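Engineer: First residue of the sequence shown? That's 950 in the working numbering, and the numbers climb one at a time after it.
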Amino acid sequence: MNISHKTEKTMKFMKIGTRPDTFYTEEATRTFIADIPNDLVININNINYLVHKFRLLPYCGLLQQLCSDFSDSDNAIIELHDIPGGEDAFELCAKFCYGITINLSAHNFVPAFCAAKFLQMTDSVEKGNFSAKLEAFFNSCILEGWKDSIATLQTTLKLPEWSENLGILRKCIDSIIEKILTPPAQVKWSYTYTRPGYSKKHNSVPKDWWTEDVSDLDVDLLRCIIMAIRSTSVLSPQLIGEALHVYACRWLPDTTKLRPAKGSASQTEQSMQKNLKILENIVTMIPADRGSVSVGFLLRLLSVANYIGVSPMTKAELTRRASLQFEEATVSDLLYPSTSSSDQHFYDIDLVQAVLGSFLALCRRMSPSTAETSQFLTSIIKIGKLIDSYLQVVARDDNIPVRKLVSLAEAIPDIARPEHNDLYKAINIYLKMHDDLSKADKKCLCRILDCQKLSPEVRAHAVKNECLPLRTVVQVLYFEQEKSSKATTNHKLTPPQELIFGAKQTPSTTGYSQGKKWSGSDEELQERGSHKKNHTS
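Okay, structure coming up:
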């Protein structure tokens, strides 16, 4: 029997046999054409194989036992519905018995080997039998190869119990882990690496060379490998995090590019369940070390979690992890669309608010000494600027409600917002994009602005801003005068209403005292303006 081993590109295969394939199909019957009549019928899943005892029995111990009740002259009918790998695996075994050419590789090794073991095609039945040849190919070729080991491991999913009992699963995992832990300088096998900017012309092997290939695996198999690697403490948490990032990018939906689902409801539900399993497994595999994955990745996972509806525990863990690294985020990291069917607006502000809330909760649990450090102050101010920059983007959304914007803006503590220039920009953008805003909503929006924390340039812009409520303009003018008057001692501040109308009368309602805001309404201010004009005329 002719046997040869070859390498095609990066995958190995074994060729056994030299005879041409003489099986032919007629309806649900596969028949081997020969001069001798068929005397053995093998029935597998409603498919009949018409073969010969003298070809199969010498190699198959199981068939010898099952045919022992039949005389040599009788036609035997055997049912093998429980053969691992089904009819395709049986046909490989049958062709081996006939000497027909078959090609074996990492993709069909598992069903062929399991079926051969099931049929008892061992050396104790016939020397040089199918099982022995397959096992030699497995040990000398598949396990020695990188991509071969991964492809074989993935096929074990169809026959998990057989693969585990025959040691295929464990040997593949051990082979893959051994190669992953090999120093990059010693990596000699082919691997997939498609990162932008990388060229195979590079002499050095990247540290994360293995991450794309393992993303071929089912998440349960990936988990076996990742947890085993973590237990060795050889690779950095960041490298493990990168593998999880590659896997998530390949298999989880990109919520920034979601389109209406096509297909049946059952297909959509099946897809959601698969994504749910992948996401929850990834979250449990992320190393505990801060920085093992980026905050951008954590926020992406959180967006997917909102979309597919993970468990509250998983969502809480993602929110907590993202809040620990929130100061590292950029505005683009926060720009995810809302996945709620009830939301008319585009951006998922609730996601950002949840992470911010978690961050602030962590701050409240800090000791006073920690909260007063310059490092903490720098971090919280950075987050304040991040949120204000984010508000400038979401303010352009036509459907974003005022209450959403105000709620997020007010969540930032005073210590995180030493100046209000960026907040003013966000408010100004919102007012321009929503010119039909009611007076009540304008008042609600602008009340979060502290005019004392605006720069001179921004205050100069504000006093000429026709979009702002009159109340806010008065506040800006008052604080502008207050600041300039500090240079002159004993200088009496002009009441805010006189800054607008030029009157020196005392208002009937409380105006500004030092550092207090004018409490009159815009209507009251306008009424006083009209009264002043009538009086002077």
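Just so it is clear, CB atoms sit at the ideal spot from N, CA and C, and this is done for glycine as well. Owing to the predicted nature of the structure, the values given are computational and were not obtained by experimental measurement.
1. For residue 1268 versus residue 1307, is the C-beta distance shorter than 9 Å?
2. Leaving out five residues on either side along the sequence, give the residues of the same chain with a beta carbon under 6 Å from the beta carbon of residue 1248.
3. Where does residue 1074 fall in DSSP's three states?
4. The ligand NAD and residue 1159: does any heavy atom of the ligand fall closer than 8 Å to the residue's C-beta?
5. Pull up the distance between the alpha-carbon of residue 1316 and that of residue 1322, whole angstroms please.
6. Going by alpha carbons, who is nearest to residue 1145 out of 1136, 1155, 1138 and 1139?
7. Classify residue 1040 as buried or exposed, calling it buried when 16 or more other Cβ atoms lie within 10 Å of its own Cβ.
8. Whole beta strand (DSSP E) runs in the stretch 1326-1374 with 3 or more residues, listed along the chain?
9. Given a threshold of 16 other Cβ atoms within 10 Å of its Cβ, counted over all protein chains shown, does residue 1033 qualify as buried or as exposed?
10. Using the Cα positions of residue 999 and residue 964, report the straight-line distance between them to the nearest angstrom.
11. How is residue 1323 classed by DSSP in three states: helix, strand or coil?
12. Quick one: what does DSSP say residue 961 is sitting in, helix, strand or coil?
13. If I measure Cβ to Cβ from residue 1485 and keep anything under 6 Å in the same chain, skipping five residues before and after, which residues do I get?
14. Can you tell me which residues form a DSSP beta bridge with residue 1025?
15. Determine the direct distance from the alpha carbon of residue 1398 to that of residue 1431, and round the result to whole angstroms.
16. Below 9 Å between beta carbons: does that hold for residue 1010 and residue 960?
17. Taking only runs that begin and end inside the stretch 1027-1115, name each unbroken alpha helix (DSSP H) of 4 or more residues, in chain order.
18. Quick check: residue 1091 and residue 1105, are their CB atoms within less than 9 Å of each other?
19. By alpha-carbon positions, which one of 1087, 1336 and 1110 ends up nearest to residue 962?
20. If residue 1163 and residue 1099 are in contact, beta carbons under 8 Å, what's the gap, nearest whole angstrom?
21. Could you give the C-beta distance for residue 1038 and residue 1063, rounded to a whole number, given that I count them as a contact under 8 Å?
22. I need the straight-line Cα distance from residue 1078 to residue 969, nearest angstrom please.
Structural biologist: The answer reads as follows:
1. Going by C-beta atoms, residue 1268 is nearer than 9 Å to residue 1307.
2. The answer, listed in chain order, is 1271 and 1282.
3. Reduced to three states, the DSSP call for residue 1074 is coil.
4. Ligands in the displayed structure: none, and consequently the ligand NAD is not present.
5. Roughly 10 Å separates the two Cα atoms.
6. Checked all of 1136, 1155, 1138 and 1139; the closest Cα to residue 1145 is 1155.
7. Result: buried.
8. Runs of beta strand (DSSP E) with 3 or more residues, each lying fully within the stretch 1326-1374, are absent.
9. Around the beta-carbon of residue 1033, 16 or more other beta-carbon atoms lie within 10 Å, marking it buried.
10. Taking the CA atoms as reference points, residue 999 sits about 24 Å from residue 964.
11. If DSSP states are grouped into helix, strand and coil, residue 1323 belongs with the helices.
12. Looking at residue 961 - three-state DSSP - the assignment turns out to be strand.
13. For residue 1485, the pLDDT reaches just 41, beneath the cut-off of 50, and the residue's location in the model is therefore unreliable, leaving the point undetermined.
14. Residue pairing for residue 1025: DSSP places it in a beta bridge opposite 989.
15. Whole-angstrom Cα-Cα distance: 17 Å.
16. The beta carbons of residue 1010 and residue 960 sit no closer together than 9 Å.
17. With a minimum length of 4 residues, the continuous alpha helix (DSSP H) runs that stay inside the stretch 1027-1115 are 1035-1047, 1058-1067, 1079-1086, 1095-1104 and 1109-1114.
18. In this structure, residue 1105 does not lie closer than 9 Å to residue 1091 by Cβ.
19. The residue with the shortest Cα to Cα distance from residue 962 is 1087.
20. About 7 Å; that satisfies the 8 Å criterion.
21. That pair is a contact at about 7 Å.
22. Between the alpha carbons of residue 1078 and residue 969 lies a gap of roughly 20 Å.
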